[in-house]
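Enquirer: Numbering (our numbering), first residue to last: 7 to 207.
Positions of the beta carbon are idealized from the N, C-alpha and C atoms, including for glycine.
Since this is a predicted model, take the numbers as computed values, not measurements.
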Ligand SMILES: [Ca+2]
Ligand SMILES: [Ca+2]
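1. On the premise that residue 131 lies in contact with residue 1, defined as a C-beta separation below 8 Å, what is that separation, rounded to the nearest angstrom?
2. Put residue 98 into one of helix, strand or coil per three-state DSSP.
3. My output table needs one value for residue 153: the three-state DSSP class, helix, strand or coil.
4. I'd like to confirm something about residue 57: is its beta-carbon nearer than 7 Å to some heavy atom of ligand 1, or not?
5. Please determine, among 147, 193, 167, the residue with the shortest C-alpha to C-alpha distance to residue 77.
6. Taking 8 Å as the cut-off, decide whether the C-beta atoms of residue 185 and residue 173 are in contact.
7. Is the beta carbon of residue 89 sitting closer than 8 Å to the one on residue 169?
8. Could you tell me the boundaries of the alpha helix (DSSP H) in which residue 173 lies?
9. Tell me where the alpha helix (DSSP H) around residue 128 begins and ends.
10. Just checking residue 70 against ligand 2 - is the residue's beta carbon closer than 7 Å to any of the ligand's heavy atoms?
11. Indicate the three-state DSSP secondary structure (helix, strand or coil) for residue 85 in the structure shown.
12. Please classify residue 48 as buried or exposed, where buried requires at least 16 neighbouring CB atoms within 10 angstroms.
13. Assuming contact is defined by CB atoms lying nearer than 8 Å, are residue 73 and residue 81 in contact in what I supplied?
14. Round the Cβ separation of residue 91 and residue 111 to the nearest angstrom and send it over; I've been treating them as touching at under 8 Å.
15. Hey, how far is the Cα of residue 159 from the Cα of residue 85?
16. Mind listing, in chain order, the residues whose beta carbon lies closer than 6 Å to a non-hydrogen atom of ligand 2?
17. Buried or exposed: where does residue 95 fall if 16 or more other Cβ atoms within 10 Å of its Cβ makes it buried?
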């Protein structure tokens, strides 16, 4: 087949998205219980509407310390993360989506540590190149260079931007793939459809 191929999902980082039990992280109970630390966090943060928006997510992620020694997530990255899981375009997340995101974040964190081979605390061009290939994406060197320019600071991609980059790459690829019925890497878009898919991310 001529088309160089799409990347896989988050699962290519290790476990499939949403599957509990990443190394070093406790598995989530099958049902919501007061013992679930995420449930407490979710309840405390979701407020009256029972859903988490970008501002609430940022607060929660900052308080939870999931970024570890890396900088806390920006509001923009939180928006991108919500858009990724927001199937009804409500702009908010329920508890199950929230848990899904939590699992994905832990997966990305492991992935980031693996990708950052020299332990510099950031992902450099050659490291991103390898990471993108390992995730199953087949991108041209020019495209990788464009991505690095967009997401790096002085040639270094930090955790927050790395997650934003991975989420967007995945979301846009999914959007494209759903329309690429012959899996040939060629799609015709209607203008409005294109904008809805790309502007939401
Ligand atoms: Ca809320
Ligand atoms: Ca590095």
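Expert: So, to answer that:
1. Missing from the structure shown is residue 1; the chain here goes from 7 to 207 and no further.
2. Coil, per DSSP.
3. It is helical.
4. yes
5. Comparing Cα positions, the closest option is 167.
6. no
7. No.
8. 165-185
9. Taken as a continuous stretch (DSSP letters only), residue 128 belongs to no alpha helix (DSSP H), as it is neither H nor E.
10. no
11. helix
12. For residue 48, the number of other beta carbons within 10 angstroms of its own is at least 16, and it is reported as buried.
13. At a Cβ-Cβ threshold of 8 Å, residue 73 and residue 81 do not count as neighbours.
14. That pair is no contact at about 11 Å.
15. 20 Å
16. 122, 124, 126, 128, 129, 130, 133
17. exposed
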